[in-house]
Amino acid sequence: QFINYPAMTVYENIASPLRVAGASQATIDSEVKRAASLLKLTPYLDRTPLSLSGGQQQRTALARAIVKNAGLVLLDEPLANLDYKLREELRAELPKIFAETGAIFVYATTEPHEALLLGGNTATLSEGRITQFGPTIDVFRKPDDLLTAKTFADPPLNTIVLRKSGSHFLLDGGINLPVPAEMAQAEDGAYTIGFHPHHLAPHAKTMSAVPITAKVSITEITGSESFVHLDFADARWVMLAHGIRVFEPDETIEVFIDPRHIMVFDASGRAVAAPQKMAA
1 QFINYPAMTV
11 YENIASPLRV
21 AGASQATIDS
31 EVKRAASLLK
41 LTPYLDRTPL
51 SLSGGQQQRT
61 ALARAIVKNA
71 GLVLLDEPLA
81 NLDYKLREEL
91 RAELPKIFAE
101 TGAIFVYATT
111 EPHEALLLGG
121 NTATLSEGRI
131 TQFGPTIDVF
141 RKPDDLLTAK
151 TFADPPLNTI
161 VLRKSGSHFL
171 LDGGINLPVP
181 AEMAQAEDGA
191 YTIGFHPHHL
201 APHAKTMSAV
211 PITAKVSITE
221 ITGSESFVHL
231 DFADARWVML
241 AHGIRVFEPD
251 ETIEVFIDPR
261 HIMVFDASGR
271 AVAAPQKMAA
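The opening position of the sequence shown corresponds to residue 1 in the UniProt record's numbering, with each subsequent residue numbered one higher.
Written out as structure tokens, the structure is:
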């Protein structure tokens, strides 16, 4: 994920592309110090890469890419080896870094929230094939197909197959959801419904919210959030709830979904309805 010259100091690693380009010493010194300050490397400029942590080596390689002032920069999971605190700091700083350089950055990541934070355009890939390309928030909110929706989702997208009958989606003894207006003329039959974990809630947030009775499998508590794993019919869902939510395994609880947040896909996986309410 990163390559540094082991016999060179951090300073010389960052400076190397500028030296190759024939930049003046004053320019080299200024650019190296700017990049080092931005990436919290100033105390390590006299060290060699082998004396650094994995995260510090990663930042050294990133700094070297930044000082090139290239028109096109490829970053392959540049935050992967950083500790949590620095990773979060750099996630917030990267959009500023990208804007300052004026370059086109191609940023490869497996974490959807990084793409959402950085904005710009996103291409979703599955098995080496681009499934969709467009403005990041549009790809997230309105995926073209079920594969894209699942690829651009973390925690995993909640899905279930329901039967359209007239103006409602039905599952015997379990769900009765109104069909989105754009599907009023669609054929009756089986459709896959998808929705993100943060759109499933332990209480009704709106008057239109529909209750669903599900069984708790396990609860993961991170402190600021709780991930509640649920079993419903043949589906396994995750509910993302704010704060600490304690549920017992096998406990039966009532959860709520606002129909305006659902995505609908036909038997081929093609999207036939997007969320009506445009909150991410």
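Backbone N, C-alpha and C define an ideal beta-carbon position, used for all residues, glycine too.
These numbers were taken from a predicted model, which means no experiment stands behind them.
Apart from sequence neighbours up to five positions away, the residues of its chain that approach residue 199 with a beta-carbon distance below 7 Å are 257, 258 and 261, ordered along the chain.
Using a C-beta cut-off of 8 Å, the stretch 97–107 makes contact with the stretch 70–79, since at least three inter-stretch Cβ pairs fall below that distance. Residue 183 has no beta-bridge partner at all, per DSSP. The C-alpha of residue 232 is placed about 49 Å away from the C-alpha of residue 102. In this structure, the beta-carbon distance from residue 67 to residue 35 falls below 8 Å.
Across the structure, residue 191 and residue 263 are spaced so that their CA atoms are roughly 10 Å apart.
Counting only unbroken stretches of 3 or more residues, the beta strand (DSSP E) elements lying wholly within the UniProt domain "ABC transporter" (6–80) are 72–76, in sequence order. For residue 150, the three-state secondary structure derived from DSSP is helix. When DSSP states are grouped into helix, strand and coil, residue 228 belongs to the strand group. Here residue 215 is bridged, per DSSP, to 231 and 252. By the Cβ neighbour-count rule, residue 266 is buried, with 16 or more other Cβ atoms within 10 Å of its own. Cβ atoms of residue 239 and residue 246 stay farther apart than 8 Å, at about 13 Å. For residue 156, the secondary structure class from DSSP, reduced to helix, strand or coil, is coil.
Under the three-state reduction of DSSP, residue 85 is assigned to helix. Annotation for residue 139: the continuous alpha helix (DSSP H) segment containing it runs 136–141. Cβ contact annotation for residue 87 (same chain, cutoff 6 Å, sequence separation greater than five): 79, in chain order.
Leaving aside the five residues that flank residue 209 on each side, the residues in its chain whose CB is nearer than 7 Å to its CB run, in chain order, 256, 257 and 258.
Pairwise C-beta distances place the stretch 153–167 in contact with the stretch 175–193, as three or more of them are shorter than 8 Å.
DSSP places residue 95 within a helical segment (H, G or I) once states are collapsed to three. The residues 132 and 271, in chain order, have a CB closer than 6 Å to that of residue 144 in the same chain once the five nearest residues on each side in sequence are set aside. The residues 211 and 213, in chain order, have a CB closer than 6 Å to that of residue 254 in the same chain once the five nearest residues on each side in sequence are set aside.
Counting only residues of its own chain and dropping the five nearest sequence neighbours on each side, residue 7 has a CB closer than 8 Å to the CB of 48.
Residue pairing by DSSP places residue 205 opposite no residue, since no beta bridge is assigned to it. Rounded to whole angstroms, residue 243 and residue 223 show a C-alpha spacing of 6 Å. Bridge partners of residue 121 according to DSSP: 135. Under DSSP, the beta-bridge partners assigned to residue 161 are 192.
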